[in-house]
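>
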Amino acid sequence: MAPRYVFSLPDIKTYSEQLYECADRCQFNLTSKHVTKKENDRDVHEYYFIINDTSYTQYKGVSTSKLKDAKNEAAGLIIGSAIL
Numbered sequence: 003m004a005p006r007y008v009f010s011l012p013d014i015k016t017y018s019e020q021l022y023e024c025a026d027r028c029q030f031n032l033t034s035k036h037v038t039k040k041e042n043d044r045d046v047h048e049y050y051f052i053i054n055d056t057s058y059t060q061y062k063g064v065s066t067s068k069l070k071d072a073k074n075e076a077a078g079l080i081i082g083s084a085i086l
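Heads up, the sequence shown is in our numbering, so the first residue is 3 and it goes up one at a time.
1. Which ranges would you report for the alpha helix (DSSP H) in the segment 16-75 if only whole runs of at least 4 residues count?
2. Check the C-beta distance from Q20 over to F9 and give it rounded, since I have them as a contact under 8 Å.
3. Which term fits A72, buried or exposed, when burial requires 16 or more other beta carbons within 10 angstroms of its beta carbon?
4. Give the DSSP-derived three-state secondary structure of S83 in the structure shown.
5. Just to check my reading of the structure: E48 and K62 have Cβ atoms closer than 8 Å, yes? What is that Cβ distance to the nearest angstrom?
6. Exposed or buried, G82, counting other C-beta atoms within 10 Å across all chains shown (16 or more means buried)?
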């Protein structure tokens with residue numbers, strides 16, 4: 003059995019970095035999908051994770067500034083949901 007991964011606040015590592023480390027250590031398949039749309043002349047980034055071929059669109063991160071922000075929000079939602 004893989005060792006348990008302990009998540010921490012994103013002071014040192016972002017939530018997305020921690021989620022990818024957890025996937026490596028706990029040996030589950032982690033992929034992601036993102037979409038960028040134009041709304042009111044602004045880019046809106048939507049990002050969600052796919053774990054073992056299950057899409058978790060209910061934990062979608064959204065950002066109007068950077069794709070990286072949407073990714074970290076989605077990772078934080080996955081971590082906070084305790085589904086792992």
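Built from N, CA and C at the ideal position, the CB exists for glycine as well. In this text, all values refer to a predicted model and were calculated from it rather than measured experimentally.
Reading off the structure:
1. Segments of the alpha helix (DSSP H) lying fully in the segment 16-75: 17-28.
2. Separation of the CB atoms of Q20 and F9 is rounded to 5 Å, and the pair is thereby assigned contact status at 8 Å.
3. Counting C-beta atoms within 10 angstroms of its own C-beta, A72 has 16 or more neighbours from the protein chains shown and is therefore classed as buried.
4. Judged by DSSP in its simplified three-state form, S83 adopts helix.
5. With a Cβ gap of about 6 Å, E48 and K62 count as contacting.
6. Taking all protein chains in view, the Cβ of G82 is surrounded by fewer than 16 other Cβ atoms within 10 Å, so the residue is classified as exposed.
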